[in-house]
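**Q** I'd like to ask you about the structure that follows.
Numbering (the working numbering), first residue to last: 1 to 95.
Structure below.
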C-alpha cells in the first residue's frame, strides 16, 4: 500500500507541474528508478500535456451564460417569494 501511495504522490506532483508547464517525466522517474509502472505513466502524462491546447469560451458564450444564470436566479427567487405568500406552495411557473 505504501508503494501505491508513493506512486499517487509522485503522479500528483507531476500533474501539478504539468499544469504549470514545468514538468518532465524523466525527473520524476528518477525518484523510483526500479519501478516498472511509473515511467510509462509519466510518459503518457507528458504526451497528453503536449496534445492539449488551452481553450477559452467566446465572449458571446460567457455573455449568454451570464444572462441565463441571472434569469434562472430571478425565477428561483420569484418562486420562493410565491411559496412564502401561498403557505409554502407555489403555483407552477408560467412558461
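For every residue, glycine included, the Cβ atom is placed at its ideal position computed from N, Cα and C. Since we're looking at a predicted model, the values are computed, not measured.
At which residue ranges does the region 26-92 contain complete alpha helix (DSSP H) runs of 4 or more residues, listed in the order of the chain?
**A** List check, alpha helix (DSSP H) in window: 38-51 and 59-85.
**Q** Assign residue 42 to one of two classes, buried (16 or more other C-beta atoms within 10 Å of its C-beta) or exposed (fewer than that).
**A** Numbered from its first residue, the chain shown carries residue 42 at position 42. The residue in question, residue 42, is buried, as its Cβ has 16 or more Cβ neighbours within 10 Å.
**Q** Starting from residue 17 and walking both ways along the alpha helix (DSSP H), at which residues does that stretch end?
**A** On the chain shown, residue 17 is found 17 positions in, with the first residue counted as 1. Element bounds for residue 17: 2-19.
**Q** Verify whether the separation of the beta carbon atoms of residue 10 and residue 32 is less than 9 Å.
**A** Counting from 1 along the chain shown, the entry for residue 10 is found at position 10. Counting from 1 along the chain shown, the entry for residue 32 is found at position 32. It is a contact, given that the beta carbons lie within the stated cut-off.
**Q** Just the Cα atoms here: how many angstroms apart are residue 71 and residue 60?
**A** As a working mapping, residue 71 is identified with position 71 in the chain shown. As a working mapping, residue 60 is identified with position 60 in the chain shown. Looking at the two C-alpha atoms, the distance is approximately 17 Å.
**Q** If we count the other Cβ atoms within 10 Å of its Cβ and call it buried at 16 or more, is residue 74 buried or exposed?
**A** On the chain shown, position 74 is the one that residue 74 refers to. When all chains shown are included, residue 74 counts as exposed.
**Q** Exposed or buried, which one is residue 86 when buried takes at least 16 other CB atoms within 10 Å?
**A** Reading the chain shown from its first residue, position 86 is the one you call residue 86. Classification of residue 86: exposed, given that the 10 Å Cβ count is below 16.
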